[in-house]
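J.: Handing you this structure, nothing more for now.
Protein chains in written order, with our numbering: chain W, 1 to 407; chain F, 1001 to 1166.
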């Protein structure tokens, strides 16, 4: 039992009492009560509190005593507090045994109040949703640096929102709804950041892919299809189709969609190899959107970059002296080693050896370029697969989270 | 048995009636009201304590309590109640007090302390036949009510308890 603050003007003796000739007494003291209320704050700020306050007759009624009878409650027209809406009030009576203290009348007053939530909608919930959507939308950006900057900014903004509303969140031993919602928002954005970082790292790797990594990334392809099958909602299908069309438009090989591009047939052309010839060699594999999408990130820039690097290396080792004048075909592009005299080379048979040596080196460089390009292309493909998986997971997770929170 | 109880009841009511006779005192209107108030103050033993009775008004002067104790709850009708302690029905004289809670302001719920604050009025009504008077002896309207300090007479007390802690 807990007796709380209960102030009545009667203590001052100023309250008047009306008495009638029949002995009917009318007594109406003012009061101001503060009563304990067991709060259920799990759904804060969408919580509805039911506070039960009990008034007890001061004197037991067995023998000589009083009984509270016919309890009623009247709620004034301007009773609503600032941040609460009074939903219901009720009053009942029961007679209860208090061991060692006799039997007493107990009047039970129940208040049901619902909190106004507009403040929390405006300051926390809607901003959090918008920021998470912006962070999710950044996954569709190509530049990893831009993506990361947006996502980190979004995360810091949500943290700031949490700080701003933390004084309004009641302290209790359980995580309240709004706290959980904000933390989930931070978690989602953190995962998006992590995903962007990983994608960035994967796409810039140049070392050879190991068997386990290959298996892992191949499983991503399967996972993507699986997720699409599971979450067969129109939105995801539309998104997938969009990705497919985007991939087709960016794919460097002509008519990829017509011919179909399989992971195996995805061959990047070495420098100088005829595009049309390769096209003829390609198989007509299934035109999976995801597979086609894989190739989009292997850009011409990368190819040009590698080519340039190799050419500059070749230029530093050899001096090109009028190869064309000597009748060197563009295809063979014979170059003299440094120090070999052009004129002498023309006369001397040794010169042809130098040219042959150069040709051998040139072939080696081409192979190296091929391999390097192939490796980088594979990593980028895997980065794209990873990206796509994460997009799917993020969208599905977002829908699931919001359904869970707002059901 | 019932006849005896009824006779005791009527006797009880008859004894409880105050013999307030304004006409005999030559008092009318507000003078009568003041005189009744003084009389009640004297009757309840509060003359000169919480209310300054005018001895000249009181005729015959009633300066001492006539057996009314403001600290003691008045007795209502005899009823039969079941005793939790003895397990048998006993005669009790419990007083029924109607309880009304008029709430004019709910200040709010304090999340930090887990309390609800509100204010308003209690409305208690009951019968105290010791303070009834004979209307036929007064020239005042029947529905006259007198306002007297609540400390003069017995008033119900109440405690506030918090159910879930119990």
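Here a beta-carbon is modelled for each residue, glycine too, at the ideal position from N, C-alpha and C.
Measuring CB to CB, does residue 1027 of chain F end up less than 8 Å from residue 1134 of chain F?
T.: Along the second chain, one-based indexing puts residue 1027 of chain F at 27. Along the second chain, one-based indexing puts residue 1134 of chain F at 134. Not in contact: residue 1027 of chain F and residue 1134 of chain F (Cβ atoms no closer than 8 Å).
J.: So residue 189 of chain W and residue 151 of chain W are in contact, right, with Cβ under 8 Å, and what is the actual spacing, rounded?
T.: Numbered from its first residue, the first chain carries residue 189 of chain W at position 189. Numbered from its first residue, the first chain carries residue 151 of chain W at position 151. Rounded, the Cβ-Cβ distance is 6 Å, consistent with contact.
J.: State yes or no: is the beta carbon of residue 15 of chain W nearer than 8 Å to at least one beta carbon in chain F?
T.: On the first chain, residue 15 of chain W is found 15 positions in, with the first residue counted as 1. Residue 15 of chain W counts as touching chain F.
J.: Of all the options W/82, W/136, W/140, W/108, which has the alpha carbon lying nearest to the alpha carbon of residue 115 of chain W?
T.: For the purposes of this step, residue 115 of chain W is identified with residue 115 of the first chain, where counting begins at 1. Out of W/82, W/136, W/140, W/108, W/82 has the C-alpha closest to the C-alpha of residue 115 of chain W.
J.: Which term fits residue 120 of chain W, buried or exposed, when burial requires 16 or more other beta carbons within 10 angstroms of its beta carbon?
T.: Locating residue 120 of chain W in the first chain gives position 120, where the first residue counts as 1. Per the 10 Å Cβ criterion, buried.
J.: Should residue 1153 of chain F be flagged as near chain W, meaning a C-beta pair shorter than 8 Å?
T.: Start at 1 with the first residue of the second chain, and residue 1153 of chain F comes out as number 153. At least one chain W Cβ lies under 8 Å of residue 1153 of chain F.
J.: For a quick check, are the C-beta atoms of residue 177 of chain W and residue 42 of chain W less than 8 Å apart?
T.: Indexing the first chain from 1 puts residue 177 of chain W at position 177. Indexing the first chain from 1 puts residue 42 of chain W at position 42. Cβ distance < 8 Å, so residue 177 of chain W and residue 42 of chain W count as in contact.
J.: Under the three-state reduction of DSSP, which class applies to residue 140 of chain W: helix, strand or coil?
T.: By one-based count along the first chain, residue 140 of chain W stands at place 140. Residue 140 of chain W falls in the helix class under three-state DSSP.
J.: Spatial neighbours of residue 1070 of chain F within its chain, please: C-beta separation below 8 Å, excluding the five flanking residues on both sides.
T.: For the purposes of this step, residue 1070 of chain F is taken as residue 70 along the second chain, with counting starting at 1. For residue 1070 of chain F, where only same-chain residues beyond five positions count, the Cβ hits under 8 Å are 1044, 1045, 1046, 1151, 1152, 1153, 1154.
J.: May I ask you to report which of helix, strand or coil DSSP gives residue 1117 of chain F?
T.: Taking the second chain and counting its residues from 1, the one referred to as residue 1117 of chain F is at position 117. Strand.
J.: Can you check whether the C-beta of residue 407 of chain W is within less than 8 Å of a C-beta belonging to chain F?
T.: For this step, residue 407 of chain W is matched to residue 407 along the first chain. No - not a single Cβ of chain F is within 8 Å of the one on residue 407 of chain W.
J.: By the three-class DSSP mapping on this structure, what secondary structure does residue 69 of chain W have?
T.: Here residue 69 of chain W refers to the residue found at position 69 of the first chain. Reduced to three states, the DSSP call for residue 69 of chain W is strand.
J.: I'd like to know if the segment 1116-1129 of chain F and the segment 22-34 of chain W are in contact, where contact means that at least 3 CB-CB pairs between them fall below 8 Å.
T.: Taking 8 Å as the limit for Cβ pairs, the verdict is that the segment 22-34 of chain W does touch the segment 1116-1129 of chain F.
J.: To the nearest angstrom, report how far apart residue 406 of chain W and residue 191 of chain W are at their CA atoms.
T.: Working through the first chain from its first residue, we reach residue 406 of chain W at position 406. Working through the first chain from its first residue, we reach residue 191 of chain W at position 191. Residue 406 of chain W and residue 191 of chain W: Cα-Cα distance of roughly 22 Å.
J.: When you compare the CB of residue 131 of chain W with every CB in chain F, is at least one pair closer than 8 Å?
T.: Counting from one through the first chain, the residue named residue 131 of chain W turns up at place 131. Chain F contact via Cβ: absent.
J.: So, with DSSP's three-state summary, where would you put residue 1021 of chain F?
T.: Working through the second chain from its first residue, we reach residue 1021 of chain F at position 21. It is coil, neither helix nor strand.
J.: Along chain W, which residues have their Cβ under 8 Å away from the Cβ of residue 1021 of chain F?
T.: Along the second chain, one-based indexing puts residue 1021 of chain F at 21. What residue 1021 of chain F touches in chain W: nothing, since even the nearest Cβ is about 13 Å away.
J.: Can you say whether residue 85 of chain W is buried or exposed, counting buried as having 16 or more other CB atoms within 10 angstroms of its CB?
T.: Counted from its first residue, the first chain places residue 85 of chain W at position 85. Exposed: under 16 other Cβ atoms inside 10 Å.
J.: Do you know how far the Cα of residue 378 of chain W is from the Cα of residue 393 of chain W?
T.: In the first chain, counting from the first residue as 1, residue 393 of chain W sits at position 393. In the first chain, counting from the first residue as 1, residue 378 of chain W sits at position 378. Distance between the alpha carbons of residue 393 of chain W and residue 378 of chain W: 22 Å.
J.: Which two residues bound the contiguous beta strand (DSSP E) that contains residue 35 of chain W?
T.: Your numbering for residue 35 of chain W matches position 35 in the first chain. Its beta strand (DSSP E) spans residues 30-36.
J.: Helix, strand or coil: how does DSSP classify residue 1043 of chain F here?
T.: The residue labelled residue 1043 of chain F in the question sits at position 43 within the second chain. In the structure shown, residue 1043 of chain F sits in a helix (DSSP, three-state: H, G or I).
J.: So, helix, strand or coil for residue 127 of chain W, using DSSP?
T.: Counting from one through the first chain, the residue named residue 127 of chain W turns up at place 127. In this structure, residue 127 of chain W counts as helix in the three-state DSSP scheme.
J.: Answer with buried or exposed for residue 34 of chain W, where buried requires no fewer than 16 other C-beta atoms within 10 angstroms of its C-beta.
T.: Residue 34 of chain W sits at position 34 when you count from the first residue of the first chain. Buried, by the Cβ-count rule.
J.: Any contact of the segment 200-212 of chain W with the segment 370-386 of chain W, i.e. 3+ C-beta pairs under 8 Å?
T.: Yes: at least three Cβ pairs fall under 8 Å.
J.: Can you tell me whether residue 1141 of chain F is buried or exposed? The criterion is at least 16 other CB atoms within 10 Å of its CB, across all chains shown.
T.: Position 141 of the second chain, counting from 1, holds the residue named residue 1141 of chain F. Classification for residue 1141 of chain F: exposed.
J.: In its own chain, which residues sit with a C-beta less than 7 Å from the C-beta of residue 1037 of chain F, not counting the 5 before and 5 after it?
T.: Taking the second chain and counting its residues from 1, the one referred to as residue 1037 of chain F is at position 37. Contacts found: 1146, 1148.
J.: When you compare each of F/1072, F/1067, F/1108, F/1117 to residue 1042 of chain F by their alpha carbons, which one comes out closest?
T.: Mapped onto the second chain, residue 1042 of chain F falls at position 42. Answer by Cα proximity: F/1067.
J.: Just to confirm the assignment, what range does the beta strand (DSSP E) spanning residue 183 of chain W have?
T.: Numbered from 1 along the first chain, position 183 holds the residue referred to as residue 183 of chain W. That residue, residue 183 of chain W, is in no beta strand (DSSP E); its alpha helix (DSSP H) goes 177-203.
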